[in-house]
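Enquirer: Residue numbers (the numbering used here), protein chains in the order written: chain W, 14 to 341; chain L, 779 to 1208.
The C-beta atom is built at its ideal place from N, Cα and C for all residues, glycine as well.
Being a predicted model, the structure only gives us computed values, none of them experimental.
Quick one: structure below, then a few questions.
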Amino acid sequence: MNHATQTPSPSVSGGGRKRVPPPPSQGRRRAPARRRWTGQLAAWAFLAPVVVYLLAFYAYPLYRNVDLSLRNYTVRSFVQGNAPFTGFANYTKVFENATFGPALWHTMVFTVVSLVFQFTIGLALAVFFTRNFRLSATLRALFLVPWLLPLIVSSSTWSWMLNSDSGVVNAFLHMVGLGPVNWLTSPDWSLWSVTIANVWIGIPFNLVVLYSGLQAIPSHINEAAQLDGATNWQRFWRVTFPLLRPVSAITLLLGLVYTLKVFDIIWIMTKGGPSDSSTTLATWSYRLGFGNLLPSFGPGAAVGNLLIVMALVFGLIYIRVQRRQGLS
Amino acid sequence: MESRQLGRRSLRAALLAVTMVGGVAACTSAPSTSDSAADAGASAGASQAAGGGTYTIWDPYPQFDDSSDWVKLLTQCGTDAGVTVKRTGYDTTDLTNKALLAAQQGNSPDVLIVDNPVVSTLADAGVLTTTEESKLDTSAISPNLLAAGQIGGKTYGVPIGANTLALFYNKEVLKKAGVDAESVKDWASLTAALEKVKAAGKKGITFSAIGTEEGSFQFLPWFWGSGAQLTKLDSAEGVAALSLWTDWVKKGYAPNSVINNTQTTSWQEFATGDFAFAENGTWQLGNAKKAGFTYGIIPIPAKDGGTAPAPTGGEFVSMPVQQDTGRYATTQKLVTCLTSTDNSYTTDTTLSYIAPTDAVQTKQVEQNAELKVWVEAVKAAKGRTSDNLGTKYPKISEPMWKAMQAALSGSQPPQEALTEAQTAAASATQ
């Protein structure tokens, strides 16, 4: 909704900017006024497709999602379209549900652990690949494979590899003399298994963005630091890392949003189980809406909205931090 | 200036973030928004067709194309009734939402073939006509199969056929372990057989205990076979059933992977040839022939002997409510054609189902003696939404599969898990 109201505004201010220069002559006032009017019209005409697109595909679904979460939908009222307005009853129901606490906790653990590892490994690899060596381009391309695979393929593969009885991971553990781990079927491990898979899938994204960020840092700064006698380690922490901060911030923000909504990996690997041990808000929302013979659309939409709010909060924090950095 | 630019850029990033998550949220509410648009298009065709003597049929068999016997039968029935039939096959999970949306938009198909536990949900939504209104004859249908489509004394469709669960066994593995399949008559003898198989170095039994409706479907024969009722999950009988499964996993008679197995992955485990038994359905018969080892089938035993009631699978042919009630007469002809004794045999052979009437069941066994055990299993079977549970069933099933997962993964003992499930089910069905 936000962006729908937001997007036209730059153009309005753009139109305003045109108005700023005073008319060349006072005598011919009417002509510029008409021209201004047609100019406005043309501007809006050019804008219309975007505005319509945003309203139809972003604002309206978001509005519907909010509306859905504020009404008590049963299958009957869904068909007949007379679901009573119940205010925040669905949200109360969600907050009071025994699944809410664990789901929120799992979402946080899943997101934070995924981000930390994705970012660290991604950055390490990016730094590694900035030294152009033979086959570095080929190797870098290989690291992109997880990104290119359809999620259903990679998650199914992980799910086979981590299978308790016939998985290759347990076969390996057996070979080195360790006992089998019930990766996907033990409540203590399932969340870690899906997190590991998600880290693997997220590394290429971090690698690519951070790598291009590194390319943008002028090499002479590093050379100057080298001349001043900075060690490799100092050069990374004192020069590269601070200069990479804006890129890091956007990588982390996008990663956060991406991880908050991760659904396919978890659903394919564990269905959020066993007994909710790997349920996150995203999988819970799906389960409420579609995972049962009798859908409960209202609470499902409520959980979905909570996710949006969480992403929005982090987006706002990001803006604040950026602004403060910009001012200082 | 630079800070302003930065500010704007970051604002854009934040907005991007919101839209991305918003995308998911919009997806989660898909039936209300994006889907409905696509659907309106699909069913606009349907309502347009109404004038031209075209009748629409939706079924959950997307695997059949226009050259299949199934679609040929539909076309033939249409010709006999003097109308053109327009048929669309949907994925079974998709069909429920599609049907609800079409009803919301007021353009349901004329004939809707839908999975039996969904009938009560759709009936509750007021989407389906009763057989009184639609004048469908259900007198020949086995009462236990028809019950899944009956709520509050009214019937909302005709079963097209039924499938259910039984135990497949690998003859070679059993022979090696020195077990006679005929000796498996109750839970005790089955567990004893599993013990022998394990001692012989093979694997015991595989089933699907995944945390979805599929897991409940597989658990029900044991649950009902103990004498437990869905209205009281934590009865001594219910606990006995869950303990049976839990002990199997604990003792290694069943692999730990059952917790995450779908019926398909469970079948794949059985197809490796290492397992003695597998709980699976009629629809695997075709695959069983390709498995590369000799197999047999026995009904799932009840706790103290006899055949346990397994849940019925299979679809109902139903007639959704139409604004133009004049259409019902022709639609009724179509449905009767599909479910008549002659065609029922063709249909159920095509779908690999057991027919819903005694007459056709007898004919099926005459033609294929292998089906005998399935016919018996279907006769003992029970609808999940039967006993007037209707839309309460999904609210009981979810706590039940959660309890099942908790017990099998060892996070809760069976008694505790089921007590918690019963509390959840009771508060949900109030």
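1) Where does Asp1025 of chain L fall in DSSP's three states?
2) Enumerate in chain order the residues of its own chain whose CB-to-CB distance from Ala243 of chain W is below 8 Å, with the five nearest sequence positions on each side excluded.
3) Would you say Asp888 of chain L and Tyr833 of chain L are within 8 Å of each other, going by their C-beta atoms?
4) The beta strand (DSSP E) that contains Phe142 of chain W, what's its start and end?
5) Please say whether Thr1085 of chain L and Lys1160 of chain L have beta carbons closer to each other than 8 Å?
6) Near Pro312 of chain W, what residues of its chain come up, given a Cβ to Cβ distance below 7 Å and the 5 sequence neighbours on each side ignored?
7) Under 8 Å, Cβ to Cβ, is there at least one residue of chain L near Val92 of chain W?
8) How would you list, in chain order, the residues of chain L whose beta-carbon sits under 7 Å from the beta-carbon of Gly286 of chain W?
9) My assumption, with CB atoms under 8 Å, is that Phe985 of chain L sits in contact with Val1036 of chain L. Please give the rounded CB distance.
10) On the three-state DSSP scale, how would you describe Pro921 of chain L?
11) Counting contacts by CB-CB distance shorter than 8 Å, is Ala184 of chain W in contact with chain L?
12) How far does the alpha helix (DSSP H) with Arg336 of chain W in it extend, from its first residue to its last?
13) Could you spell out where the beta strand (DSSP E) holding Tyr1073 of chain L opens and where it closes?
14) Between Asp178 of chain W and chain L, is any beta-carbon pair separated by less than 8 Å?
15) If you draw a straight line from the alpha carbon of Leu186 of chain W to that of Phe218 of chain W, how long is it in whole angstroms?
16) Using a Cβ cut-off of 8 Å (strictly closer), state whether Val905 of chain L contacts chain W.
17) With DSSP as the reference, label Val892 of chain L as helix, strand or coil.
18) For Leu175 of chain W, collect the residues of the same chain with a Cβ closer than 6 Å to its Cβ; drop the 5 residues on either side in sequence, then sort them by chain order.
19) Taking the alpha carbon of Glu1198 of chain L as the reference point, which residue from L:Leu1186, L:Pro1177 and L:Ser1187 has its own alpha carbon closest?
20) What span of residues does the beta strand (DSSP E) with Glu1093 of chain L cover, start to end?
21) According to DSSP, is Thr969 of chain L part of a helix, a strand, or is it coil?
22) Under 7 Å, CB to CB, which of the residues in the region 197-230 of chain W have a partner in chain L?
23) Figure out for me which residue from W:Asn211, W:Ala139 and W:Asn145 has the closest Cα to the Cα of Ser172 of chain W.
24) Applying a beta-carbon distance threshold of less than 9 Å, which residues of chain L neighbour Asn305 of chain W?
25) Can you tell me the Cα-Cα spacing of Thr124 of chain W and Leu267 of chain W, whole angstroms?
26) If Leu257 of chain W sits next to Leu223 of chain W, beta carbons under 8 Å apart, how far is it from one beta carbon to the other, in whole angstroms?
27) Assign Gln723 of chain L to one of three DSSP states: helix, strand, or coil.
28) Is it a yes or a no for the region 910-929 of chain L touching the region 874-884 of chain L, going by three-plus beta-carbon pairs under 8 Å?
29) Quick check on Asn110 of chain W - is its C-beta less than 8 Å from some C-beta in chain L?
30) Can you check whether the C-beta of Pro1192 of chain L is within less than 8 Å of a C-beta belonging to chain W?
31) How far does the beta strand (DSSP E) with Phe249 of chain W in it reach, from first residue to last?
32) Okay, do the region 1077-1084 of chain L and the region 994-1005 of chain L touch, 3+ Cβ pairs below 8 Å being the bar?
33) Could you check if Leu161 of chain W is buried or exposed, using at least 16 other CB atoms within 10 Å of its CB as the buried criterion?
34) Report buried or exposed for Met188 of chain W, applying the criterion of at least 16 other Cβ atoms within 10 angstroms of its Cβ.
35) Which of the three DSSP states is assigned to Ile938 of chain L in this structure?
36) Are Leu890 of chain L and Ser1096 of chain L close, meaning C-beta to C-beta below 8 Å?
Expert: So, from the listed chains and residues:
1) Three-state result, Asp1025 of chain L: helix.
2) Around Ala243 of chain W: Arg251 and Val252.
3) Contact: yes.
4) Premise fails: Phe142 of chain W lies in the alpha helix (DSSP H), Phe113 to Thr143, not in any beta strand (DSSP E).
5) Not in contact: Lys1160 of chain L and Thr1085 of chain L (Cβ atoms no closer than 8 Å).
6) Counting only Cβ-Cβ distances below 7 Å, and skipping sequence neighbours, we find Asn103, Lys106, Val107 and Leu301.
7) Closer than 8 Å to some Cβ of chain L, the Cβ of Val92 of chain W qualifies, so yes.
8) Scanning chain L for C-beta atoms nearer than 7 Å to the C-beta of Gly286 of chain W yields Gly989 and Gln1183, reported in chain order.
9) The Cβ separation is near 6 Å, so the contact holds.
10) Of the three classes helix, strand and coil, the one that applies to Pro921 of chain L here is helix, per DSSP.
11) Not one chain L Cβ lies under 8 Å of Ala184 of chain W.
12) DSSP places Arg336 of chain W inside the alpha helix (DSSP H), whose first and last residues are Phe310 to Leu340.
13) Here the beta strand (DSSP E) through Tyr1073 of chain L covers Tyr1073 to Ile1076.
14) Cβ-Cβ to chain L under 8 Å: yes for Asp178 of chain W.
15) So the two alpha carbons sit approximately 30 Å from each other.
16) By this cut-off, Val905 of chain L is an interface position.
17) Of the three classes helix, strand and coil, the one that applies to Val892 of chain L here is strand, per DSSP.
18) Shown here for Leu175 of chain W: same chain residues with a beta carbon closer than 6 Å to its own, the five before and five after excluded, namely Val182, Trp196, Leu197 and Ser206 in chain order.
19) That would be L:Pro1177, whose Cα lies nearest to the Cα of Glu1198 of chain L.
20) Residues Glu1093 to Ser1096.
21) It is helical.
22) Going along the region 197-230 of chain W in chain order, one finds Leu197, Thr198, Ser199 and Pro200 with a Cβ nearer than 7 Å to chain L.
23) W:Asn211 is the residue among W:Asn211, W:Ala139 and W:Asn145 whose C-alpha sits nearest the C-alpha of Ser172 of chain W.
24) Residues of chain L passing the Cβ test: Thr990, Glu991, Pro1172, Lys1173, Ser1175 and Glu1176.
25) Rounded to the nearest angstrom, the two C-alpha atoms are 12 Å apart.
26) Between Leu223 of chain W and Leu257 of chain W the Cβ distance is about 7 Å, and since that is below 8 Å, they are a contact.
27) Since the first residue shown for chain L is 779 and the last is 1208, residue 723 of chain L is missing from the structure and cannot be characterised.
28) Counting Cβ pairs under 8 Å, fewer than three are found: no touch.
29) No, its Cβ sits nowhere closer than 8 Å to a Cβ of chain L.
30) Chain W, which has no Cβ nearer than 8 Å to the Cβ of Pro1192 of chain L, makes this no.
31) Unbroken run through Phe249 of chain W: none, as it is neither H nor E.
32) The region 1077-1084 of chain L is in contact with the region 994-1005 of chain L.
33) It is exposed - the Cβ of Leu161 of chain W has fewer than 16 other Cβ atoms within 10 Å.
34) Counting Cβ neighbours within 10 Å, Met188 of chain W comes out exposed, since fewer than 16 surround it.
35) Looking at Ile938 of chain L - three-state DSSP - the assignment turns out to be coil, as it is neither helix nor strand.
36) One thing to note: Leu890 of chain L has its Cβ within 8 Å of the Cβ of Ser1096 of chain L.
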